[in-house]
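The working numbering numbers the first residue of the sequence shown as 1 and each following residue consecutively.
Where a beta carbon is used, it is the ideal one built from N, C-alpha and C, also for glycine.
Since the structure is predicted, the reported quantities are computational estimates derived from the model, not experimental observations.
Since the structure comes first, as structure tokens, the remarks are kept for the end.
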Amino acid sequence: ACEMYLTALAIGDSGMQTYKDAMRGSIFFTKIDQWDWATVTGAGTLSLFAVANDLTSEDKIAIETNIVSFANSIKDSIDSEGYPSNLDFQEFGGKYPWGSNSFIMNRAIALAYAYEVTGDVMYQDYILRTLDYVMGVNAMHISYVTGYGDKSETDTHDRWAWTVGQGSFWPRGWLSGGPNNELINDYATPPGVTAAKSYAGPGTAPHAWGSKENTVNWNAPLAWVAWYVENKIVPNFEGCDGNCASKPTLKPTTKSTTKQSTKPTLNPTTKPTFKPTTKPTSKPVSTGGSPCCADRNAGYQACMRSDWCNMSSTNCGNCNGYYITVPLEITGCCKWWSGGDCSNVVHSSNPGCHYRKSDCEGSCGGTWSPL
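This is the structure we're talking about:
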């Protein structure tokens, strides 16, 4: 219903309102959780965030809030695992489901959307950790992507590929289904082992459909995440030696440049910029006025750049911020020594501790000294 509504709205179809009413009347409207080929609620909700529409501001806030909440649960799953699997397998009865790697890659997409909502690079970091798992930091100690990594998968359950012959190298870039102890109905996937190791060995592809199957809808999220990492994360983390191409936006502009200047520069500068910044300021940081979401590690001196984080104290908490009027006035400092005062303290040297008494005497373990 989400896709029918968005398509009808985009092309001006007269049935748009019918699709919209059906979508908004669903108990799944604005919700997001694990999605796959048979459960598509989450995919529909992501479309409602990514594609222009005429939903109310309340609906849009609900969508953004649910995306961030789901992403936070994914983050918690990674933090609770020895290997960086983002799959909360307790959610699946303590088992790894058929096609577990596709679940994991879909969840990486949810993390990407959470970054687009909040602007918090923490979510991008967890995407990279998810790729670490798929590319080798896992219980099987292999890359589940054919042809990528020194210990990469060499054969997957694909009827075309094995007709070429087991001795031939599988095409690069195919994602293997991954560990599965939810339903084992082949004789190559080992039963009775730890969930994360329920995976067939090398050269078993024709008989290992339970764990080494590959499908287009499993490879699609891998391709999506690979593009996102290269174009949206690498520049953020100062990759490409600072010479990355300009970062594309998720939503292309509708205003093309149709006319270029025909007047050459009469007096060109003799000092051109040697290295352009990869992080241009796209939005000014506001200060003062109404409360907003401020970053503790920046000393609560300015609002975060994300409108969603600044919208409410609840959203701000999800962005790891503090809802406060900025800039926060300096009223003291945090000390870890006896005697003396704050006269020689440089607050910016440790803004996470020196700006608020509760921070100082809480996680910083210091003693607050008023000015």
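### CA-to-CA distance, I74 to C293, given in whole angstroms
For the purposes of this step, residue 293 is taken as residue 293 along the sequence shown, with counting starting at 1. For the purposes of this step, residue 74 is taken as residue 74 along the sequence shown, with counting starting at 1. Cα to Cα, the separation comes out at about 23 angstroms.
### Option in I142, I184, Y115 and S80 with minimal Cα separation from C309
Within the sequence shown, numbered from 1, the residue matching residue 309 stands at position 309. When each option's Cα is compared against that of C309, the closest is Y115.
### Query
Less than 8 angstroms separating the beta-carbons of G99 and G178?
Residue numbering aside, residue 99 sits at position 99 when the sequence shown is read from its first letter. Residue numbering aside, residue 178 sits at position 178 when the sequence shown is read from its first letter. Taking 8 angstroms as the Cβ cut-off, G99 and G178 qualify as a contacting pair.
### Query
Counting only runs that start and end within the segment 178-246, where is the alpha helix (DSSP H) found for 4 or more residues in a row?
209-212 and 216-228
### Query
From S358, S348 and W368, pick the residue whose C-alpha is nearest to that of G339; which is it?
Counted from its first residue, the sequence shown places residue 339 at position 339. Among S358, S348 and W368, the Cα nearest to that of G339 is on W368.
### Query
Should V346 go down as buried or exposed, given a rule of 16 or more other Cβ atoms within 10 Å for buried?
Stepping through the sequence shown from its first residue, residue 346 is reached at position 346. The residue is exposed, with fewer than 16 neighbouring Cβ atoms inside 10 Å.
### Task
With DSSP as the reference, label A294 as helix, strand or coil.
The residue labelled residue 294 in the question sits at position 294 within the sequence shown. Correct three-state label for A294: strand.
### Own chain residues within Cβ distance below 6 angstroms of W209, not counting five before or after
Counting from 1 along the sequence shown, the entry for residue 209 is found at position 209. Counting only Cβ-Cβ distances below 6 angstroms, and skipping sequence neighbours, we find H157 and D186.
### Message
Measuring straight from C-alpha to C-alpha, what distance separates E3 and S306?
### Response
Here residue 3 is taken as the residue at index 3 of the sequence shown, counted from 1. Here residue 306 is taken as the residue at index 306 of the sequence shown, counted from 1. Approximately 27 angstroms between the Cα atoms of the pair.
### Task
Name the one or two DSSP bridge partners that H157 has.
Here residue 157 corresponds to residue number 157 of the sequence shown, with the count starting at 1. E213, per the DSSP bridge assignment.
### Task
Flag this pair as touching only if the segment 329-344 and the segment 141-152 have three or more C-beta atom pairs under 8 angstroms; answer yes or no.
no
### Task
Rounded to whole angstroms, what's the CA-CA distance from F49 to L55? Just pull it up for me.
Mapped onto the sequence shown, residue 49 falls at position 49. Mapped onto the sequence shown, residue 55 falls at position 55. Whole-angstrom Cα-Cα distance: 10 angstroms.
### Task
Output the boundary residues of the alpha helix (DSSP H) element that contains Y83.
Locating residue 83 in the sequence shown gives position 83, where the first residue counts as 1. Element bounds for Y83: n/a, residue is neither H nor E.
### Task
In the DSSP assignment, find the unbroken alpha helix (DSSP H) run with I330 in it and report its ends.
The residue labelled residue 330 in the question sits at position 330 within the sequence shown. First-last for I330: undefined, no H or E at that position.
### Task
Going by CA-CA distance only, name the one from C333, M105, D120 and I142 that's closest to K357.
Within the sequence shown, numbered from 1, the residue matching residue 357 stands at position 357. Per the Cα distances, C333.
### Task
Specify the secondary structure class of S102 as computed by DSSP and reduced to three states.
The residue labelled residue 102 in the question sits at position 102 within the sequence shown. Correct three-state label for S102: helix.
### Task
Compare the Cα-Cα distances from N315 to each of N217, K31 and D120 and report the closest residue.
The residue given as residue 315 occupies position 315 in the sequence shown. Ranking the options by Cα distance to N315, first place goes to D120.
### Query
So what does DSSP say about V145, is it helix, strand or coil?
Residue mapping note: residue 145 aligns to position 145 of the sequence shown, counting from 1. The answer is strand: DSSP assigns V145 an E or B state.
### Query
If you draw a straight line from the alpha carbon of W224 to that of G173, how long is it in whole angstroms?
If you number the sequence shown from 1, residue 224 lands on position 224. If you number the sequence shown from 1, residue 173 lands on position 173. Their backbone Cα atoms lie some 12 angstroms apart in a straight line.
### Task
Measure the CB-CB distance between V117 and E58 and report whether it falls below 8 angstroms.
Here residue 117 refers to the residue found at position 117 when the sequence shown is read from its first residue. Here residue 58 refers to the residue found at position 58 when the sequence shown is read from its first residue. No, these two residues do not count as a Cβ contact at 8 angstroms.
### Query
Taking the alpha helix (DSSP H) that T39 falls in, what are its first and last residues?
Mapped onto the sequence shown, residue 39 falls at position 39. Where T39 is concerned, there is no enclosing alpha helix (DSSP H), given that its DSSP letter is neither H nor E.
### Query
The beta strand (DSSP E) with S369 in it runs from where to where?
For the purposes of this step, residue 369 is taken as residue 369 along the sequence shown, with counting starting at 1. It spans T367 to P370 - the beta strand (DSSP E) in which S369 sits, taken as one unbroken run.
#### Entry: Secondary structure, alpha helix (DSSP H): runs of 4+ residues fully inside the segment 1-68
2-11, 16-24 and 41-50
### Query
Could you give the distance in angstroms between the alpha-carbon of P84 and the alpha-carbon of H354?
As a position in the sequence shown, residue 84 is number 84, starting the count at 1. As a position in the sequence shown, residue 354 is number 354, starting the count at 1. Each residue's alpha carbon lies about 34 angstroms from the other.
### Query
Should W37 be labelled buried (16 or more other beta-carbon atoms within 10 Å of its own) or exposed?
Position 37 of the sequence shown, counted from the start, is the residue given in the question as residue 37. When all chains shown are included, W37 counts as exposed.
### Query
Do P291 and E182 have their CB atoms nearer than 8 angstroms?
Your numbering for residue 291 matches position 291 in the sequence shown. Your numbering for residue 182 matches position 182 in the sequence shown. Cβ atoms of P291 and E182: not closer than 8 angstroms.
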